[in-house]
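K.L.:
Chains as they are written, first to last, in this note's numbering: chain L, 1 to 280; chain U, 1 to 280; chain S, 1 to 257.
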Amino acid sequence: MTSVTASPSADTPAPPRRAGGRGAPLSSAALGLLGIVGFLVTWELVVRSGLVEERFLPTASTVLGELRSLAGTSDFWASVRETVTTWAIGLAISAAAGVALGLVIGQSRFLRRATNSTIEFLRPIPSVALIPLASLLYGTSMQSTLLLVLYASFWQVLIQVLYGVGDVDPVASDTARSYGLGWAARVRYLVWPSALPYVMTGLRLGAAVALILTITGELIIGGGGLGTAIALANSGGATAQMYALILMTGFIGVAINLVARLVERRALRWHVSVRREEVA
Amino acid sequence: MEGDSVTVQNASRDGVDAPVVLSVQGLQKIYTADSGDVEAVRDLTFELRQGELVCLVGPSGCGKTTLLRCIAGLLEPTAGTVLLDGAVVTAPPKKMAVVFQEYGRSLFAWMTVRQNVELPLKNAGMPKAERRKVVSTALHAVGLEHAETSYPWQLSGGMQQRVAIARAVAYEPEVLLMDEPFAAVDAQTRADLEDLIRRVWKDLGITVLFVTHDIDESVYLGERVLILSNSPTVVQEDLTIDLPAERDQLATRSMPRFTELRTHVYAEIQKAKRGSGADA
Amino acid sequence: MRILTRVAYVLGLPVVLVLLWWVLTIDSTNFFVPEPGELAATFVDTWIGPRFREDVLPSVARFTVGTLLAIVLGVAAGLLIGSVRWLRSLLEPMLEFFRALPPPVLVPVLMLLIGVDNRMKVLVIVFGAIWPVLLNTVEGVRAVDPVLVDTARTYGLTRLTRLRTLVLPSAAPQIAAGVRQALSIGLILMVISEMFASSSGLGFTIVVFQRSFAVVEMWSGIVLLGLIGVAVSIVFQACERRVLHWYYGQKEVQHGR
Numbered sequence: 001m002t003s004v005t006a007s008p009s010a011d012t013p014a015p016p017r018r019a020g021g022r023g024a025p026l027s028s029a030a031l032g033l034l035g036i037v038g039f040l041v042t043w044e045l046v047v048r049s050g051l052v053e054e055r056f057l058p059t060a061s062t063v064l065g066e067l068r069s070l071a072g073t074s075d076f077w078a079s080v081r082e083t084v085t086t087w088a089i090g091l092a093i094s095a096a097a098g099v100a101l102g103l104v105i106g107q108s109r110f111l112r113r114a115t116n117s118t119i120e121f122l123r124p125i126p127s128v129a130l131i132p133l134a135s136l137l138y139g140t141s142m143q144s145t146l147l148l149v150l151y152a153s154f155w156q157v158l159i160q161v162l163y164g165v166g167d168v169d170p171v172a173s174d175t176a177r178s179y180g181l182g183w184a185a186r187v188r189y190l191v192w193p194s195a196l197p198y199v200m201t202g203l204r205l206g207a208a209v210a211l212i213l214t215i216t217g218e219l220i221i222g223g224g225g226l227g228t229a230i231a232l233a234n235s236g237g238a239t240a241q242m243y244a245l246i247l248m249t250g251f252i253g254v255a256i257n258l259v260a261r262l263v264e265r266r267a268l269r270w271h272v273s274v275r276r277e278e279v280a
Numbered sequence: 001m002e003g004d005s006v007t008v009q010n011a012s013r014d015g016v017d018a019p020v021v022l023s024v025q026g027l028q029k030i031y032t033a034d035s036g037d038v039e040a041v042r043d044l045t046f047e048l049r050q051g052e053l054v055c056l057v058g059p060s061g062c063g064k065t066t067l068l069r070c071i072a073g074l075l076e077p078t079a080g081t082v083l084l085d086g087a088v089v090t091a092p093p094k095k096m097a098v099v100f101q102e103y104g105r106s107l108f109a110w111m112t113v114r115q116n117v118e119l120p121l122k123n124a125g126m127p128k129a130e131r132r133k134v135v136s137t138a139l140h141a142v143g144l145e146h147a148e149t150s151y152p153w154q155l156s157g158g159m160q161q162r163v164a165i166a167r168a169v170a171y172e173p174e175v176l177l178m179d180e181p182f183a184a185v186d187a188q189t190r191a192d193l194e195d196l197i198r199r200v201w202k203d204l205g206i207t208v209l210f211v212t213h214d215i216d217e218s219v220y221l222g223e224r225v226l227i228l229s230n231s232p233t234v235v236q237e238d239l240t241i242d243l244p245a246e247r248d249q250l251a252t253r254s255m256p257r258f259t260e261l262r263t264h265v266y267a268e269i270q271k272a273k274r275g276s277g278a279d280a
Numbered sequence: 001m002r003i004l005t006r007v008a009y010v011l012g013l014p015v016v017l018v019l020l021w022w023v024l025t026i027d028s029t030n031f032f033v034p035e036p037g038e039l040a041a042t043f044v045d046t047w048i049g050p051r052f053r054e055d056v057l058p059s060v061a062r063f064t065v066g067t068l069l070a071i072v073l074g075v076a077a078g079l080l081i082g083s084v085r086w087l088r089s090l091l092e093p094m095l096e097f098f099r100a101l102p103p104p105v106l107v108p109v110l111m112l113l114i115g116v117d118n119r120m121k122v123l124v125i126v127f128g129a130i131w132p133v134l135l136n137t138v139e140g141v142r143a144v145d146p147v148l149v150d151t152a153r154t155y156g157l158t159r160l161t162r163l164r165t166l167v168l169p170s171a172a173p174q175i176a177a178g179v180r181q182a183l184s185i186g187l188i189l190m191v192i193s194e195m196f197a198s199s200s201g202l203g204f205t206i207v208v209f210q211r212s213f214a215v216v217e218m219w220s221g222i223v224l225l226g227l228i229g230v231a232v233s234i235v236f237q238a239c240e241r242r243v244l245h246w247y248y249g250q251k252e253v254q255h256g257r
């Protein structure tokens with residue numbers, strides 16, 4: 001391992017003078033797998049050794065077994081579908097609204113200044129504050145949860161789009177104007193691509209928050225979905241089932257994050273490369 | 001005033017009978033800021049005849065960029081007018097193209113070289129087949145026909161500025177404005193690009209206004225050099241460069257006349273820095 | 001004149017909205033929406049008094065303790081994990097899982113493991129809010145400019161000094177972004193841990209109002225939660241500006257304003 005030609009695509013530059021052999025060079029994927037196995041084994045042992053009572057925390061094997069048998073029931077998949085549907089509808093509406101409003105407000109100095117104080121006031125209001133209102137208005141229907149999801153993820157998207165539109169490079173903007181690009185052409189060729197990294201961040205954050213609020217709504221208000229199933233398992237004393245359902249929400253969360261990052265990377269190929277070049 | 005006893009021609013005495021394309025009359029720009037008003041440009045008047053290559057040179061911070069942005073219709077002057085073919089410039093005019101110093105920010109990172117050059121034409125509604133031809137010709141003219149599918153950030157600084165020049169040339173402007181376009185590239189690339197500009201100017205017969213802070217560059221490139229005073233800016237001198245039309249990096253720069261002219265410009269700018277220009 | 005314009009911009013839209021609300025509710029007998037004056041009066045009656053000490057302060061205290069713990073632990077663990085490469089590879093998948101786990105599901109879990117007391121409510125906040133801080137710290141540490149690291153090494157700065165003067169400040173913008181997320185998760189958890197399992201606190205009280213159809217009181221609770229959210233955000237921004245003034249300064253210069 002001596003004559004290594006430096007390739008610009010190596011994403012983790014080795015620290016100087018430390019590349020030489022030290023310990024067993026496990027790949028990071030193998031180490032990660034080891035971490036997961038280690039976690040499960042620790043969990044199993046903690047319960048088996050009696051450190052934590054099994055009626056409060058079943059062993060890892062019990063919970064995973066429970067998840068497997070749950071996966072054979074249609075009720076389980078109905079809950080998953082309900083949760084994912086609520087999440088998707090909520091995110092789609094708030095993304096569309098956030099992007100549209102963000103593009104309009106962001107490009108007008110007047111609108112930006114006039115809406116700033118209102119946005120800064122409404123945005124930090126925790127959307128769980130709306131739980132009582134939602135259940136008063138819509139009972140335990142899906143709309144209740146949807147209202148929370150919408151409120152929470154809308155601000156994430158809107159704020160990022162506003163940042164993004166504000167971040168359009170003034171020189172690029174002058175260029176577009178000097179070549180006579182009109183409003184629509186500027187949005188299409190300049191503003192939207194410039195803001196896209198921020199839009200993607202907004203969507204990623206919005207997607208994560210939307211899932212949190214979907215589960216919260218289902219857990220507290222009820223009305224179906226994994227959150228409600230968790231609440232039911234909890235009150236019915238089906239502890240293993242509760243943990244299995246919780247694991248499932250975690251898997252959905254991981255899946256959402258992975259998809260979000262994949263979409264982000266695809267949409268921003270040019271952008272990531274720009275950053276890499278700047279670092280190099 | 002030692003060694004400044006050189007005969008220089010005032011441009012207005014020059015018997016050029018080409019029509020005036022660009023006319024700047026009594027231009028003034030005052031920026032209003034919270035800390036008080038700043039007069040960046042006081043009273044600028046000059047004319048560009050068709051097919052001229054004029055360099056604007058002045059001490060750093062003398063409002064060159066302000067002036068250029070006013071001419072390009074990107075900035076509204078406080079007083080005075082800019083006339084292009086006799087019509088007052090109020091917005092970026094169709095017959096003008098601008099090449100900015102910050103090529104990295106003026107090129108759209110999310111578009112390939114070809115797409116960057118093509119965008120203004122597409123926006124102007126040029127049919128696809130014609131567009132393709134014009135873009136290819138422009139890229140060929142700057143020697144970038146092999147890089148048209150690359151992204152700007154994959155190219156060196158000099159090549160990026162060539163893309164920006166190709167974009168401006170493809171737009172077929174009557175007047176080409178260049179704002180210190182070579183300030184951020186290395187010396188050798190700079191010499192190449194200077195010759196490229198001379199060639200493009202001659203081949204296409206366009207009018208070029210070239211802003212620079214580099215005295216040698218202004219004398220080497222220009223047919224005429226406008227020397228600006230310190231801010232608040234006025235035209236301190238309008239100097240005809242009576243060097244042979246065929247310029248060569250080595251031969252021209254070693255001519256005694258070249259040295260005389262650059263010494264003269266240098267002395268004028270030193271004078272301007274001391275602030276005597278504004279009272280003239 | 002300039003100050004007047006600014007005040008107009010800040011207050012314009014809010015005033016218009018409140019007026020609109022007032023005009024729309026003045027004649028209406030809509031059960032769900034109180035008029036502004038009524039709501040303001042109820043807000044004072046409901047929350048200024050013994051309830052403030054018995055319900056509001058304990059909630060806010062739990063939120064503060066929980067989030068601060070989450071931030072401190074998250075930054076410490078993040079610095080460690082971020083600077084030791086094998087540790088990062090070992091733990092990353094698990095951390096990603098915990099980050100992706102919607103924090104509200106921790107409420108029933110910790111209820112089972114610990115019971116329904118203050119400790120549980122604080123721990124829920126810690127467990128839920130720690131992940132964005134931790135992972136952002138790891139990310140920030142990883143992204144420290146290698147040129148800066150080399151500079152620090154050539155000047156012979158020790159590991160600890162490097163951590164304090166180089167790694168922590170350059171990871172700070174990332175950490176701040178994590179803290180912002182942690183704060184909003186902390187608020188969510190404060191409210192729902194009380195809604196789910198409590199007999200006091202802000203979340204509990206608001207749910208009681210809702211269940212007893214005390215609509216105006218319920219609205220006043222929503223307003224109070226909103227005000228707390230806004231206050232938290234203001235405090236955070238003030239701290240962020242102080243700690244990260246160099247970062248914003250540099251950014252402004254880079255963007256040529």
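From the three backbone atoms N, C-alpha and C, an ideal C-beta is built for every residue, glycine too.
Hey, is residue 171(U)'s beta-carbon within less than 8 Å of any beta-carbon in chain L?
P.N.:
Answer yes: the Cβ-Cβ gap between residue 171(U) and chain L drops below 8 Å somewhere.
K.L.:
Less than 8 Å separating the beta-carbons of residue 175(U) and residue 209(U)?
P.N.:
yes
K.L.:
Can you find a CB in chain S that lies within less than 8 Å of the CB of residue 106(L)?
P.N.:
no
K.L.:
Quickly, what does DSSP pair residue 212(U) with across the bridge? List them, please.
P.N.:
57(U)
K.L.:
Please classify residue 179(U) as buried or exposed, where buried requires at least 16 other C-beta atoms within 10 Å of its C-beta.
P.N.:
Buried is the call here.
K.L.:
My guess is that residue 103(L) and residue 161(L) are in contact by the Cβ rule of under 8 Å, so how many angstroms apart are they, rounded?
P.N.:
7 Å
K.L.:
Check whether the region 247-257 of chain L and the region 93-107 of chain S touch, using three or more Cβ-Cβ pairs below 8 Å as the test.
P.N.:
yes
K.L.:
My guess is that residue 58(S) and residue 201(S) are in contact by the Cβ rule of under 8 Å, so how many angstroms apart are they, rounded?
P.N.:
Yes, they are in contact, since the Cβ atoms of residue 58(S) and residue 201(S) sit about 6 Å apart, within 8 Å.
K.L.:
Contact between the region 67-87 of chain L and the region 188-200 of chain L is defined here as three or more beta-carbon pairs at a separation below 8 Å; is this criterion met?
P.N.:
no
K.L.:
Using 8 Å as the cut-off, can you tell me whether the region 44-51 of chain U makes contact with the region 183-193 of chain U, which would need three or more C-beta pairs spanning the two stretches below that distance?
P.N.:
no
K.L.:
Under 7 Å Cβ-Cβ, which residues of chain U neighbour residue 169(L)?
P.N.:
105
K.L.:
Using the rule of at least 16 other Cβ atoms within 10 Å of the residue's Cβ for burial, across every protein chain shown, is residue 120(U) buried or exposed?
P.N.:
buried
K.L.:
Which stretch, first to last residue, makes up the alpha helix (DSSP H) that contains residue 218(L)?
P.N.:
192-220
K.L.:
Count Cβ pairs between the region 160-168 of chain S and the region 180-196 of chain S that sit closer than 8 Å; are there 3 or more?
P.N.:
No, because fewer than three Cβ pairs between the region 160-168 of chain S and the region 180-196 of chain S fall closer than 8 Å, the two stretches do not touch.
K.L.:
Using a beta-carbon distance below 8 Å, is residue 172(L) in contact with chain U?
P.N.:
yes
K.L.:
Expressed to the nearest angstrom, what Euclidean distance is found between the alpha-carbon atoms of residue 267(L) and residue 110(U)?
P.N.:
Approximately 10 Å between the Cα atoms of the pair.
K.L.:
Compare the C-beta of residue 77(U) against all C-beta atoms of chain L and say whether one is closer than 8 Å.
P.N.:
no
K.L.:
For residue 210(S), go through chain L and note every residue whose CB falls closer than 9 Å to its CB, in chain order.
P.N.:
Neighbours of residue 210(S) across chain L, judged by C-beta separation under 9 Å: 131, 132, 133, 135, 136.
K.L.:
Buried or exposed for residue 245(S), please, with buried defined as at least 16 other CB atoms from any protein chain shown within 10 angstroms of its CB.
P.N.:
exposed
K.L.:
Helix, strand or coil for residue 40(L)? Go by DSSP, reduced to three states.
P.N.:
helix
K.L.:
Check whether the region 121-135 of chain L touches the region 213-232 of chain S, taking contact to mean three or more Cβ pairs, one atom from each stretch, closer than 8 Å.
P.N.:
yes
K.L.:
I want to check one thing, is the minimum distance from the CB of residue 161(U) to the heavy atoms of the ligand GTP below 7 Å?
P.N.:
The ligand GTP is not part of the structure shown, which contains no ligands of any sort.
K.L.:
Going along the chain, which residues of its own chain have a beta-carbon closer than 7 Å to the beta-carbon of residue 130(S), five neighbours each way excluded?
P.N.:
70, 73, 74
K.L.:
Looking only at DSSP bridge pairs, what is residue 29(U) linked to?
P.N.:
DSSP lists 41(U) as partners of residue 29(U).
K.L.:
Assess, as a yes-or-no matter, whether the region 107-117 of chain S is touched by the region 45-63 of chain L under the definition of 3 or more beta carbon pairs within less than 8 Å.
P.N.:
yes
K.L.:
Counting only runs that start and end within the region 139-173 of chain S, where is the alpha helix (DSSP H) found for 4 or more residues in a row?
P.N.:
146-154, 159-162
K.L.:
For residue 29(U), is the classification buried or exposed, using 16 other Cβ atoms within 10 angstroms of its Cβ as the cut-off for buried?
P.N.:
buried
K.L.:
Report yes or no: do the region 49-60 of chain U and the region 71-85 of chain U share at least 3 C-beta pairs separated by less than 8 Å?
P.N.:
no
K.L.:
Give me, in chain order, the residues of the same chain whose beta-carbon lies closer than 7 Å to that of residue 248(S); leave out the 5 immediate sequence neighbours on both sides.
P.N.:
none
K.L.:
Measuring alpha carbon to alpha carbon, tell me which of 236(L), 230(L), 140(L), 238(L) ends up nearest residue 250(L).
P.N.:
230(L)
K.L.:
Looking only at C-alpha atoms, which of 60(L), 49(L), 31(L) sits nearest to residue 243(L)?
P.N.:
For the set 60(L), 49(L), 31(L), the Cα lying nearest the Cα of residue 243(L) is the one of 60(L).
K.L.:
How close, in whole Å, do the beta carbons of residue 210(S) and residue 235(L) come, if the pair is a contact with beta carbons under 8 Å?
P.N.:
The C-beta separation of residue 210(S) from residue 235(L) comes to about 20 Å, leaving the pair out of contact by the 8 Å criterion.
K.L.:
Taking C-beta to C-beta, are residue 38(L) and residue 92(S) nearer than 8 Å?
P.N.:
no
K.L.:
Could you say if the region 216-224 of chain U and the region 246-260 of chain U meet the contact criterion of at least three C-beta pairs nearer than 8 Å?
P.N.:
Counting Cβ pairs under 8 Å, three or more are found: they touch.
K.L.:
Can you round the beta-carbon distance between residue 240(L) and residue 108(U) to whole angstroms, since I take them to be within the 8 Å contact cut?
P.N.:
56 Å between Cβ atoms; not a contact.
K.L.:
Are residue 148(U) and residue 113(U) close, meaning C-beta to C-beta below 8 Å?
P.N.:
yes
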